[in-house]
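What follows is a short report on a single structure.
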Amino acid sequence: MQKKIGYYPGCSLEGSSREYSESVVTLANAFDVELVQVPDWNCCGATAAHNLNSILSFSLPARILAKAQEAEMDTIVVPCAACYNRLTMVQHELKKNDTLRAEVNGIIGAELKCDIKILNIVQFIQMFVADFVASKQQFLFDKKVACYYGCLLVRPHDVLDFDRTEDPQSMDEVMKSLGANPIDWPFKTECCGAGMSVSRTDIVGRLSGRIVKEAADRGAEAIIVACPMCHSNLDMRRPALEKAMGEKLTIPVLYISQAIDMALGKSQKETGINRHFVPVNISLQNRVVVPEVVLEKTEEN
Amino acid sequence: MSAHIENNSLSAKLQHATEVKSAKCYQCGKCSAGCPVSNEMEYPPSVAMRLLQTEDPENDKKLLKSQTIWLCVSCEMCLSRCPMEIDIPKAMDFMRQKSLAEGLSHPKSKNIISFHKAFLDSIKFTGRLHEISLVADYKLRSWHLGQDVGMVPSMLSRGKLPILPEMIKGRKQVAEFFKKTKKT
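Printed below as a string of structure tokens:
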């Protein structure tokens with residue numbers, strides 16, 4: 288039976304990171320989940336809003352939550368780590384601070400209940416994909432990978448309450464289940480330079496360059512990410528990274544949703560890997576032999 | 167939030183507005199060690215906390231005029247490692263807004279500020295971020311007209327640059343948010 292769940296793609300996923308949305312939709316379809324967009328959603332305000340105008344940085348995500356509430360969505364999945372962070376932080380602050388909630392409700396003209404379950408992409412995978420992946424997987428993802436979590440998926444831990452703050456494991460676990468060999472490395476939650484991509488490309492070159500070089504030096508064949516800002520800094524900005532590091536860096540960067548799609552045997556068009564700047568020179572050759580026990584278990588569901 | 171501000175220092179104003187208490191900092195330096203941009207800053211996070219603690223108007227001004235507050239990438243590493251759980255990212259947001267309001271922002275931080283402003287401009291008109299408008303607006307603000315032009319053809323061929331913005335139905339409402347939250 289098809290499950291329905293609210294979906295907030297966010298602006299990047301409609302533009303420079305559209306392949307992330309394409310791969311998430313492909314993934315959801317493969318597991319019979321229908322993603323229903325939050326009606327008439329707006330931008331979450333991202334870093335710019337909370338840097339320049341605190342109350343605006345509450346109001347923009349609050350309107351999104353109000354739209355989801357109006358559409359009676361109890362759960363929304365937010366694949367962009369930055370949007371996920373803003374929506375979760377704002378709902379948390381509004382829930383605990385009555386004065387602030389009243390003010391923001393006044394600005395947006397709604398009564399927020401602040402009880403929407405906001406899932407990041409890894410939580411979505413854990414909830415809707417992980418248990419069934421073995422029965423649908425076509426190819427082993429038998430590669431060495433570096434799982435890179437970045438900042439906004441795991442910090443601040445007190446509020447997000449997701450995974451471990453210094454050495455998160457959830458993406459590593461997902462990749463292991465596909466047959467990959469995730470490396471141990473120290474840059475899992477180092478910052479890529481985030482929103483400075485345009486205004487201080489030099490800083491992004493140094494920060495992201497260190498991350499990509501470390502993964503490549505440790506023998507990883509792909510970096511796995513869950514954030515469009517991390518992806519564009521590590522992938523689209525690769526020339527700036529190479530300039531900062533003084534060497535050629537060829538390791539591709541995949542969204543975790545794309546990695547699963549590839550293991551499911553989805554086409555380049557469905558995964559969107561043809562849109563990357565750094566060519567994804569990974570082909571999965573070894574077919575999965577599904578044990579009968581797993582097949583029987585899935586049929587019961 | 168306490169209704170009463172103890173004195174006129176930046177740290178008192180910070181505490182009044184955000185409940186962040188710089189006084190709790192005992193200078194262990196974990197924030198500065200973990201900060202990915204501390205080597206670019208004139209005052210790494212722990213030094214910024216120390217300057218706040220002095221409650222000296224000169225030091226307050228140093229902070230508001232610093233590049234530090236604009237170089238902070240809001241990665242939250244400092245907060246996640248602080249043994250005293252001081253919300254330094256929130257303090258940085260507060261100081262940035264104060265710096266802009268008082269016209270003290272560092273000239274070398276102009277590009278970073280221009281980018282944030284261009285980002286918000288784009289949302290104000292359409293409700294969503296439109297990357298071409300954002301970059302065009304940024305270029306006009308920063309005069310970096312030629313920057314990243316080389317990336318345009320390859321972004322277009324990959325379908326990563328929609329030419330036209332998505333205009334949401336509620337864009338007027340979103341524009342209203344900007345008016346209602348404008349600092350006086």
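So the sequence lines, in the order shown, correspond to chains E and S. First residue of the first sequence: 288, per the working numbering; consecutive thereafter. First residue of the second sequence: 167, per the working numbering; consecutive thereafter. The beta-carbon is built from N, C-alpha and C at its ideal position, and this holds for glycine as well. Predicted, not measured: the structure shown is a model, and the values here were computed from it.
- The alpha-carbon of E/Pro455 is positioned some 8 Å away from that of E/Lys475.
- Per DSSP, S/Tyr304 has no beta bridge partner at all.
- Nearest CB-CB separation between E/Ile351 and chain S: not below the 8 Å threshold.
- Within the same chain, Cβ atoms closer than 7 Å to the Cβ of S/Glu208 are found at Ser232, Gln233, Thr234, the five residues on either side in sequence being excluded.
- The DSSP-derived three-state label of S/Lys346 is helix.
- Distance between E/Leu399 and S/Lys346, taken at the CA atoms: about 18 Å.
- Only Gly437, Cys438, Leu439, Val441, Arg442, Pro443, His444, Asp445 from the region 432 to 446 of chain E bring a Cβ to less than 9 Å from some Cβ of chain S.
- Within the DSSP bridge table, the entry for E/Thr362 names E/Lys404 as partners.
- In the three-state scheme derived from DSSP, where H, G and I count as helix and E and B as strand, E/Phe426 is classed as strand.
- The region 477 to 495 of chain E and the region 279 to 286 of chain S touch, with three or more beta-carbon pairs separated by less than 8 Å.
- It is roughly 14 Å from the alpha-carbon of E/Asp448 to the alpha-carbon of E/Tyr436.
- Listed along the chain, the chain E residues whose CB falls inside 8 Å of the CB of S/Ile254 amount to none; the nearest CB is some 11 Å away.
- The region 203 to 280 of chain S is shown to contain whole alpha helix (DSSP H) runs of 4 or more residues at 211 to 220, 223 to 230, 234 to 237, 243 to 247, 254 to 267, in chain order.
- Against chain S, a Cβ distance below 8 Å from E/Ser308 picks out nothing, because the smallest value is about 12 Å.
- Annotated three-state conformation of E/Cys517 is helix, per DSSP.
- Using a Cβ-Cβ cut-off of 8 Å, S/Lys335 is close to Asp327 of chain E, given in chain order.
- Chain-ordered, the chain S residues with CB closer than 7 Å to the CB of E/Gly480 read Val239.
- When only Cα atoms are considered, E/Val377 and E/Phe345 end up about 6 Å apart.
- In the DSSP secondary-structure assignment, E/Pro469 is bridged to E/Val432.
- Residue pairing of E/Val540 in beta bridges, as defined by DSSP: E/Ile510.
- Across the structure, E/Ala467 and E/Ser422 are spaced so that their CA atoms are roughly 17 Å apart.
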